[in-house]
Amino acid sequence: MSHSLLPSFFKIETSLMWHYEIASIHPESRFLNITFKIDIDPASFTEVALPAWRPGRYELGNFAKNIRNWCVYDQHGLPLSFTKINKDTWKIQTDGVSQIEVRYEYYAAQADAGACWVDKDLMYVNPVHCLMYLPGNLHVPCSLRVVVPDDWQIACSMQSKEKHILLAEDFHELVDSPFFAAKALHHRTYSVNDYEFHVWLHGNVKPDWDLILKDFKAFTEIQLSMMHSFPVAEYHFLVLILPYRFYHGVEHIKSTVLALGPDYQFMHKELYADFLGVASHELFHAWNVKTLRPDDFVIYDYSRENYSQLGWVYEGFTTYYGDLFLARSGFFDQTNYFAEINARLQKHFDSNGRFNYSVAESSFDTWLDGYVPGVPHRKTSIYDEGSLFALMLDLYLRRSSAGKNSLDTLFIRLYQDFAPLKKGYREQDVKLLAIKLSDGGVEKLFDRWIHQRISYESDLQELLNYVGCYLQRKGAAQVHEKLFGFRVATEGGVLKVASVIPGSPAEFAGLSKDDEVIACNGRKVEQNLNDLMSREKNEVILSVFTQRELRNIILKSDGKTYFDQVTIATIAEANEQQMQAFTSWTGLKMKL
Numbered sequence: 000m001s002h003s004l005l006p007s008f009f010k011i012e013t014s015l016m017w018h019y020e021i022a023s024i025h026p027e028s029r030f031l032n033i034t035f036k037i038d039i040d041p042a043s044f045t046e047v048a049l050p051a052w053r054p055g056r057y058e059l060g061n062f063a064k065n066i067r068n069w070c071v072y073d074q075h076g077l078p079l080s081f082t083k084i085n086k087d088t089w090k091i092q093t094d095g096v097s098q099i100e101v102r103y104e105y106y107a108a109q110a111d112a113g114a115c116w117v118d119k120d121l122m123y124v125n126p127v128h129c130l131m132y133l134p135g136n137l138h139v140p141c142s143l144r145v146v147v148p149d150d151w152q153i154a155c156s157m158q159s160k161e162k163h164i165l166l167a168e169d170f171h172e173l174v175d176s177p178f179f180a181a182k183a184l185h186h187r188t189y190s191v192n193d194y195e196f197h198v199w200l201h202g203n204v205k206p207d208w209d210l211i212l213k214d215f216k217a218f219t220e221i222q223l224s225m226m227h228s229f230p231v232a233e234y235h236f237l238v239l240i241l242p243y244r245f246y247h248g249v250e251h252i253k254s255t256v257l258a259l260g261p262d263y264q265f266m267h268k269e270l271y272a273d274f275l276g277v278a279s280h281e282l283f284h285a286w287n288v289k290t291l292r293p294d295d296f297v298i299y300d301y302s303r304e305n306y307s308q309l310g311w312v313y314e315g316f317t318t319y320y321g322d323l324f325l326a327r328s329g330f331f332d333q334t335n336y337f338a339e340i341n342a343r344l345q346k347h348f349d350s351n352g353r354f355n356y357s358v359a360e361s362s363f364d365t366w367l368d369g370y371v372p373g374v375p376h377r378k379t380s381i382y383d384e385g386s387l388f389a390l391m392l393d394l395y396l397r398r399s400s401a402g403k404n405s406l407d408t409l410f411i412r413l414y415q416d417f418a419p420l421k422k423g424y425r426e427q428d429v430k431l432l433a434i435k436l437s438d439g440g441v442e443k444l445f446d447r448w449i450h451q452r453i454s455y456e457s458d459l460q461e462l463l464n465y466v467g468c469y470l471q472r473k474g475a476a477q478v479h480e481k482l483f484g485f486r487v488a489t490e491g492g493v494l495k496v497a498s499v500i501p502g503s504p505a506e507f508a509g510l511s512k513d514d515e516v517i518a519c520n521g522r523k524v525e526q527n528l529n530d531l532m533s534r535e536k537n538e539v540i541l542s543v544f545t546q547r548e549l550r551n552i553i554l555k556s557d558g559k560t561y562f563d564q565v566t567i568a569t570i571a572e573a574n575e576q577q578m579q580a581f582t583s584w585t586g587l588k589m590k591l
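To convert, note that position 214 of the sequence shown is 213 in numbering that gives the first Met the number 0; the numbers rise steadily by one, no gaps.
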């Protein structure tokens, strides 16, 4: 894809639209050439802004850092004076001006499910990253011209006015509608209950379409059978297949972008399961957070943080259901489904953040450090902790109502009560529904699970019994983890301490995160730390560099174990009632 010059801006005979154009004169540079053209009311000054974040990732993205060569012209093509008044807002002098045309370049070099990328074969754009708006009324129709060769296809949920010109009802729809433009796109469709679903793949792959469509249709049918209707008539899965290991998904109301790799393993069992897992998760987001939203951001403010303590609903419930739907659709057997639960459990038990920050606090702080490891053992994950909360609430509702109600019932009621009215829900609304569908005892547990800094172990153990399951513990395989409470990871060929459990022998001995481990009992560590520590299990001398200073640390076992492996298992003597409850929950027949 190359163009000798930027084409003149297209003309549409209406002043009631915001007009955008995206091209790439030199795609190898990774820059998009963007034009924003709009008629304005007479005013001394006009402000235009770029979003500071994108819905679906609750942290500031500061996308303006990717802009260069920003300039603006009037209706006669004459340059206008402007001042940048904050990190992503420009104030333009528009006295006597009836139309402005903003031009700039945007660096599109992030190939994941939530950003922008351009090369000679693909233009992939998340408009929320790179398209500007006039603060105030965002409910203005928008048109977007995508300047690519005539024989290229465009995969997008927006309607097309004519070839390569897309229309959006307003700015909200525009920036919630990512697109692929490419010469080579794999494309198939399937239908469920008169709703049409598109699957678009870009990458070096040979998809097994019969298998993909069968499995996608299966989990879509399960979701629709629970929710009874779908928020939109047509939905698009935009799948970016990368040549290296990758996993990412981002939700939109009429589409999702999934990024996975490596391409040569795409149809292999493990990556294909990841593909279905993230697709199922993102599809459920069409209901949960794209249509049903917390009151905190029922209308997005793109200029700043949109804080909420309800991440355990919009991400936790979705994470829980994304996996559960694959069990109910028959793609996951019991072993596969338990493996997904085990991954969430292990993260919960490995992090002492559960004793320092509640899931509600962690939700609020996604804007601070929610997507990076952050300070050791400071916080929890709204995805993992939220999914475990959903599991506990689901089992509690089932047990207390003798199987009559469940989290399915609660979510459907919540959706029906708020989504059609475009009204945001609050924590109290979810809690009152839970009480109504079970008993008064859930109120205290509800607050405990969300707002207290606790381990979920005892509650999980009790509730899992209802469906014939329990938590089992097994000691960690590595001696340094099991007896001394620290983990290691190799970074740039250097073995470093990755995590230290508070109160463990490693912490008491003075071992710290990022210490470089070089020797054990006087022997050089060369991918053999476990072997060396196994020789003297009760007391070892570890040689480490801390801030490039050599130290010898004496580790002494305290008789406790750390980093236990916690997994879900079925009770060997499970009775008929437990087995029936298990099947009602998962859709699977219990294997003892």
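We put the beta carbon where it would ideally sit given N, CA and C, even for glycine.
Tell me the DSSP secondary structure of residue i in three-state form.
i, result
"M122", "strand"
"T255", "strand"
"R472", "strand"
"V478", "helix"
"A48", "strand"
"Q158", "strand"
"S142", "strand"
"S357", "coil"
"P41", "coil"
"F544", "strand"
"T82", "strand"
"E597", "There is no way to answer for residue 597, as the model of the chain reaches only from 0 to 591."
"G248", "strand"
"V231", "coil"
"W311", "helix"
"N136", "coil"
"K523", "strand"
"F9", "The predicted model places F9 with a pLDDT of 37, which falls under 50 and marks its position as unreliable; any figure quoted below should be read in that light. Here F9 sits in coil by DSSP."
Could you compute how far the alpha carbon of residue i sits from the alpha carbon of residue j?
i, j, result
"L210", "K495", "43 Å"
"S405", "Q471", "25 Å"
"I449", "N335", "28 Å"
"Y19", "L130", "8 Å"
"I66", "W17", "20 Å"
"E463", "D273", "According to the sequence shown, residue 463 is Leu rather than Glu. In a straight line, the C-alpha of L463 is about 26 Å away from that of D273."
"D73", "P148", "29 Å"
"Y189", "D207", "15 Å"
"S357", "R377", "10 Å"
"R56", "G369", "9 Å"
"D214", "V543", "50 Å"
"G484", "T569", "29 Å"
"F265", "K216", "19 Å"
"L587", "F410", "21 Å"
"K289", "I37", "28 Å"
"S3", "N68", "Below a pLDDT of 50, predicted positions are generally treated as unreliable, and S3, at 33, falls in that range; no measurement from the model is reported."
"S7", "P78", "Residue confidence is low: S7 scores 38 on pLDDT, short of 50, so the model does not pin down where it sits. Its coordinate-derived value is still stated next. Between S7 and P78, the C-alpha separation is close to 17 Å."
"L531", "V539", "9 Å"
"F9", "L237", "Low per-residue confidence applies at F9: pLDDT is 37, beneath 50, and the placement is therefore not dependable enough to give any value."
"F445", "K555", "40 Å"
"K253", "V429", "25 Å"
"D193", "D175", "23 Å"
"R397", "N287", "21 Å"
On a CA-only basis, which of the options is nearest residue i? Give me that one, please.
i, options, result
"D169", "G202, Y132, L200 and Y455", "Y132"
"Y106", "I33, I84, D87 and S80", "I33"
"E100", "F544, V139, H186 and V47", "V47"
"A418", "V565, L387 and S228", "S228"
"F316", "D300, C115, E27 and E384", "E384"
"I340", "V358, F354 and Y320", "Y320"
"G439", "Q415, Y395, H163 and E426", "Y395"
"H247", "G95, G276, E304 and R547", "G276"
"S386", "L459, F330, L77 and L432", "L459"
"K481", "E461, V565 and R53", "V565"
"A278", "K289, L223, F218 and L309", "F218"
"E281", "G310, T318 and D262", "T318"
"M122", "P50, L49, P26 and F337", "P26"
"Y263", "M225, Y243, V374 and A51", "Y243"
"A258", "F296, G202 and L184", "G202"
"E548", "K162, E525, D514 and S399", "D514"
Using 8 Å for Cβ pairs, my map puts residue i next to residue j. What's the rounded Cβ distance?
i, j, result
"V487", "A497", "6 Å"
"T560", "G474", "5 Å"
Would you mind listing the beta strand (DSSP E) stretches within the region 421–504 that are 3+ residues and don't spill past its ends, in chain order?
-> Counting only runs of 3+ residues, the beta strand (DSSP E) found wholly inside the region 421–504 occupies 468–473, 485–490 and 493–499, in chain order.
Considering only residues of the region 257–300, which uninterrupted alpha helix (DSSP H) runs meet the minimum length of 4 residues and lie entirely inside it, listed in chain order?
-> Listed in chain order, they are 268–283.
Curious, which full-length beta strand (DSSP E) runs of at least 3 residues does the region 171–222 contain?
-> With a minimum length of 3 residues, the continuous beta strand (DSSP E) runs that stay inside the region 171–222 are 178–181, 185–191 and 194–201.
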